[in-house]
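Student: Whatever position you read off the sequence shown (first residue = 1), add 236 for my numbering.
The beta-carbon is built from N, C-alpha and C at its ideal position, and this holds for glycine as well.
Since this is a predicted model, take the numbers as computed values, not measurements.
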Amino acid sequence: GKYQSDRKEYPIWKRCSGNSYLIHISDKDFIYLYPGINSCIAGSWEKGAMLSGKYGTVEGFDITNGIRVPRIVCSNNVITVGKYDPSTGNKISSNPLLTDPFEDDNVYILPSSIGELAGEGLYAKKLIPSGSLVCLFNGIRKTKYGLVKRIKPSDEEWSDYRLTLDKSTDLDVPLTSISLESYKATLGHKACHCFEKKNAKFENLFHPRFGEIMSILATKDILPNEEVFVNYNYNLSYSPDWYLSLWKEFKAKYHSQK
């Protein structure tokens, strides 16, 4: 942004985590650009929070006060994205069945291809180029106080869905929110682990509805209808039996191919 007579001039761009952008068009209007700057949310903003927003695509850029502003197109059937609704320590979302339109365009859920025990898996609806955003990962916020101890699978706090957000906070999807019937606001928790087939990774992301969360980013080109796999990156000294078993299988196969 620019200053004129000590006053801010709009538009004002702010780069956020995950290579997303927040553009203040005025003191009340904003545009959020998803990573890749092809998809966006346009809406109203007050006191640092989204009041409402609608989903759209970026057609190009215009110049306002010497600064680029996205030229956006929204569907005739207006797709709303809700309002600022960050999770808390005991509530994952106030509107858990309201899906994110970016995810609606990008991914879908079916039984995982790696077997019945894996449950459901995450699949690409279209080609997702390497480096592109795949989907979002939201969860309840677990605050870590003081000296953080390693959580073991035998501990009550253990969860296969728990991810580190930052030094003081983890995100976790509670058992009551794993099913799509109870929670589908974000779908990142449906991505299965696979050492051999991994094609994506976890990455921090700012989103105007969820706040600071995690996301899944493609590390290879992911083809339409291909399953999305990540490495859960558990510490081998503090990991569940199924993870250790898969690690030993992967390690043995890797060494046999040398």
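Write down every uninterrupted run of the beta strand (DSSP E) in the stretch 266 to 344 whose length is 3 residues or greater and which is fully enclosed by it, in chain order.
Tutor: Fully enclosed beta strand (DSSP E) runs of 3 or longer: 275 to 282, 285 to 300 and 303 to 310.
Student: Quick check on K489: buried or exposed, where buried means 16 or more other Cβ atoms within 10 Å of its Cβ?
Tutor: Label assigned to K489: exposed.
Student: At the level of alpha carbons, what is the spacing between D477 and I364?
Tutor: Approximately 32 angstroms, taken between the alpha carbons.
Student: Measuring alpha carbon to alpha carbon, tell me which residue in G279, K433 and V409 is nearest K426.
Tutor: With distances taken between Cα atoms, K426 lies closest to V409.
Student: Assuming Y344 and V317 form a contact by the criterion Cβ under 8 angstroms, report the distance between their Cβ atoms to the nearest whole angstrom.
Tutor: In fact, because the Cβ distance is near 19 angstroms, the residues do not count as touching under 8 angstroms.
Student: Between the C-alpha atoms of D543 and Y359, what's the straight-line distance to the nearest angstrom?
Tutor: Because residue 543 is not part of the residues shown, which for the chain are 237 to 494, the question remains open.
Student: In chain order, what residues of the same chain lie with their CB nearer than 7 angstroms to the CB of I350, ignoring the 5 residues before and after it?
Tutor: Hits under 7 angstroms: C428 and C430.
Student: Whole beta strand (DSSP E) runs in the stretch 407 to 449 with 3 or more residues, listed along the chain?
Tutor: Correct list: 436 to 443.
Student: Quick check on the burial criterion: 16 or more other C-beta atoms within 10 angstroms. Buried or exposed for S432?
Tutor: For the sequence presented, residue 432 should be read as Glu rather than Ser. E432 comes out exposed.
Student: Beta-carbon separation of F373 and T422 under 8 angstroms?
Tutor: Yes, the pair counts as a contact, with Cβ atoms nearer than the cut-off.
Student: Would you mind working out which of L399, L480 and N461 sits nearest N440, comparing C-alpha positions?
Tutor: Closest option to N440, Cα to Cα, is L399.
Student: For P337, tell me which candidate among C310, K327, S330 and G355 has the shortest Cα-Cα distance.
Tutor: It is C310.
Student: What three-state label does DSSP hand E245 in the structure shown?
Tutor: Of the three classes helix, strand and coil, the one that applies to E245 here is strand, per DSSP.
Student: With a CB to CB cut of under 7 angstroms and the five nearest residues on each side skipped, what residues in its chain are close to Y470?
Tutor: Taken in chain order, the residues that qualify are Y479.
Student: Using the C-alpha atoms, what's the distance from D263 back to Y246?
Tutor: One C-alpha to the other measures close to 8 angstroms.
Student: Answer yes or no: do T405 and R377 have a C-beta to C-beta separation smaller than 8 angstroms?
Tutor: Against a cut-off of 8 angstroms, the Cβ pair of R377 and T405 comes out as a contact.
Student: Since E463 is in the beta strand (DSSP E), which residue starts that stretch and which ends it?
Tutor: It spans E463 to V466 - the beta strand (DSSP E) in which E463 sits, taken as one unbroken run.
Student: Looking only at C-alpha atoms, which of Y257, P306 and K244 sits nearest to E448?
Tutor: Closest option to E448, Cα to Cα, is Y257.
Student: What is the C-beta distance between D265 and S280, in whole angstroms, given that I count them as a contact (C-beta under 8 angstroms)?
Tutor: Sure, about 6 angstroms apart at Cβ, within 8 angstroms.
Student: How would you label L369, buried or exposed, when you count the other beta carbons within 10 angstroms and need 16 or more for buried?
Tutor: L369 comes out buried.
Student: Measuring alpha carbon to alpha carbon, tell me which residue in I267, E462 and V466 is nearest L287.
Tutor: Checked all of I267, E462 and V466; the closest Cα to L287 is I267.
Student: Once DSSP output is grouped into helix, strand and coil, what is the label at G367?
Tutor: Coil, per DSSP.
Student: Would you kindly work out how many angstroms separate the C-alpha atoms of T335 and K487, rounded to a whole number?
Tutor: In a straight line, the C-alpha of T335 is about 38 angstroms away from that of K487.
Student: I'd like to check one pair, S451 with G254: are the Cβ atoms closer than 8 angstroms?
Tutor: It is a contact, given that the beta carbons lie within the stated cut-off.
Student: Under 8 angstroms, do P306 and L269 count as touching if we go by C-beta distance?
Tutor: Cβ atoms of P306 and L269: closer than 8 angstroms.
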